[in-house]
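Those letters in the sequence shown? Residues 1 to 403, per the working numbering, in order.
Glycine is no exception: its CB is placed at the ideal position from the N, C-alpha and C atoms.
Every value quoted in this text rests on a predicted model; they were computed, and no experiment measured them.
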Amino acid sequence: MVIKQDIPALLVGIMSTMVGVGLARFAYTPLLPELISQNWFSASQAVYLGAANLLGYFLGAIAAHQISERVHLRLLMNVSFFAVVASFIGCALPLGIESFFTWRLIAGVAGAILMVVGPASVIALIPVDRRASVGTLMFTGIGIGALLSATIIPLLVQTSLVMTWVVLAVMTLASAWVNDISLSKLEYADNANAAHLETKKDEDKDSSTGFNRIVLLVLIAYGFDALGFIPHTIFWADFLAREQELGTYVASLQWGLFGLGAMCGPFIARYGASNFGWSKTLNAAFLAKAAAIILPVLFIQNTSFAILKYTVSSFIVGAMVPGIVSLTSGRIAELVGPKHHKKYWGWATAIFALAQAVSGYAMSGLYGYFESYYWLFFIASALMSIGLVLSLLSAHFSSKKEV
């Protein structure tokens, strides 16, 4: 249950995740088939340009923590928001592949900074008893961004791709305004004092070898999540529209279901974390996501059954994208406390970013080799299953430590 005092912190979290991933990253997915069909880029060029954002995300993630220690939070977030705005404006100008690559790279860098400092600041600034609620719900921004891109982009591209990029820039600018107002309303001192009460316990946790091993397993599992979710988050719309010959309308509807799932994911995560704990819910999320990723390429390929498969897969993978993000963030906070959360969450985001960049380029190469997305879903599900095993090992060592 959200209370009035949560709203500024919640809005900061939602705006940063919505722009950082929901728009800066996921808006490209429904645009991919249009960039190809309208001859902005060839199929192979468009796929590799999608991976450019992942490279930027990695660079931003590894720098975010250090930058945030030296630059005032409000200034850093504003600069990051405006960098995403500039990237959308830059992409609206068809100046060639080098220019487009640069702007998608910048969007990735700024998006990663927002994804690190936004959620980490919220976790540090809210009272302990509000973290399970606010700490998961702020990741609904990912789903809101994906859903907005799924509903608005198909309408806008009928006008022009240039107009689509401009509208994305305006949406980001509005989000920056909401974020800045909300950030200014946060009571830094009071919330920081609440977090300070846990400082000693945090230091004890951070210095423990057992906790370090447990956290390391969580971080690596999170990396495998990044390795495995590439087909749905970059290639899904193109797979449905061109490879399955369903057209852009059906592909957009499925991407909308992905966005709807992404909006529901944090609510599912909050329910699970509150009732079953962070660790068990995280394990269940890995299992559900691994199964949903492989579902589109299993069983009979008759049209009605295929649409049902795609619908279930879209919704579950969509839900588990922010679901696993929020559960991993919460699990890390549970293990190391709010004082160290930003550092470890920065590492988690960097690992995630590196893994998704490697996976993005590798799967782009595999697509060129196979000339099909089909086998990528098998590979992605196997990688997600490895993440599940690592998450289970983390839970096992954690339970042994508590005995």
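Check	Outcome
Could I get the ranges of all uninterrupted alpha helix (DSSP H) runs contained in the stretch 236 to 288, with 4 residues as the minimum, in chain order?	247 to 276
What is the rounded straight-line gap between the Cα of A290 and the Cα of A174?	35 angstroms
Buried or exposed for R331, going by 16 or more other Cβ atoms inside 10 Å?	buried
Around the C-beta of H96, are 16 or more other C-beta atoms found within 10 angstroms, so that it is buried, or is it exposed?	Note on identity: in this sequence residue 96 is Gly, with His being the wrong assignment. With fewer than 16 other Cβ atoms within 10 Å, it is exposed.
Considering only the alpha carbon of each residue, which of L114, R242, L183, P322 lies closest to Q5?	L183
In whole angstroms, what is the alpha-carbon distance linking L31 and A226?	21 angstroms
Using only the alpha-carbon positions, how far apart do A24 and S160 sit?	19 angstroms
Comparing C-alpha positions only, which one of F81, A124, L148 sits nearest to I106?	F81
Hey, how far is the Cα of A176 from the Cα of G90?	18 angstroms
To the nearest angstrom, how far is the alpha carbon of L246 from that of S329?	37 angstroms
Determine the burial state of S207: buried for a count of at least 16 other Cβ atoms within 10 Å of its Cβ, exposed for fewer.	Summary for S207: the model assigns pLDDT 46, below 50, so the residue's position carries little reliability; its value from the coordinates is reported in the next sentence. Counting Cβ neighbours within 10 Å, S207 comes out exposed, since fewer than 16 surround it.
According to DSSP, is G337 part of a helix, a strand, or is it coil?	coil
Distance, Cα to Cα, Y271 vs Q38?	43 angstroms
List in chain order: all unbroken beta strand (DSSP E) runs of 3+ residues lying wholly within the stretch 66 to 144.	none
Consider the C-beta atom of P8 and the heavy atoms of the ligand ZN; say whether any pair is separated by less than 7 angstroms.	For the structure depicted, the ligand ZN is absent and the ligand set is empty, with no information on it obtainable.
Tell me which same chain residues have a C-beta within less than 6 angstroms of the C-beta of F235, skipping the five on either side of it?	Y373
Check this for me: beta carbons of F101 and A52, under 8 angstroms apart or not?	yes
Three-state secondary structure (DSSP) at S42?	coil
Tell me where the alpha helix (DSSP H) around I36 begins and ends.	28 to 37
Rounded to the nearest angstrom, what separates G180 and L298 at their Cα positions?	One detail in the question is off: residue 180 reads as Asp in this sequence, not Gly. When rounded, the distance between both Cα atoms is 46 angstroms.
Would you identify the three-state DSSP class for V157, choosing helix, strand or coil?	coil
Could you round the C-beta distance between S391 and N283 to whole angstroms and report it? I think they count as a contact, below 8 angstroms.	5 angstroms
Straight-line CA distance for M15 to P322?	14 angstroms
Apart from the five residues on each side of it in sequence, which residues of its chain come closer than 7 angstroms, Cβ to Cβ, to V250?	L240
Let me know the secondary structure DSSP gives A24 once reduced to three states.	coil
Assign Y367 to one of three DSSP states: helix, strand, or coil.	helix
Assuming P8 is part of the alpha helix (DSSP H), what are its boundary residues?	7 to 17
Which term fits I142, buried or exposed, when burial requires 16 or more other beta carbons within 10 angstroms of its beta carbon?	buried
Hey, Y222 and A380: beta-carbon distance below 8 angstroms or not?	no
What separation, rounded to the nearest whole angstrom, lies between the Cα atoms of M77 and G118?	8 angstroms
From A43, S121, L59, pick the residue whose C-alpha is nearest to that of E69; which is it?	S121
Measure the C-alpha to C-alpha separation of I153 and Y28 and round it to an integer number of angstroms.	10 angstroms
Given A262, which residues of its chain have a CB within under 6 angstroms of its CB, disregarding the five upstream and five downstream residues?	I142, G143, A146, G318, V321, P322
With distances taken Cα to Cα, identify the nearest neighbour of V116 among L35, I36, F352.	F352
Apply the 10 Å Cβ neighbour rule to W255 and answer buried if 16 or more other Cβ atoms are within range, or exposed otherwise.	buried
By the 10 Å Cβ neighbour count, where 16 or more other Cβ atoms means buried, how is F276 classified, buried or exposed?	exposed
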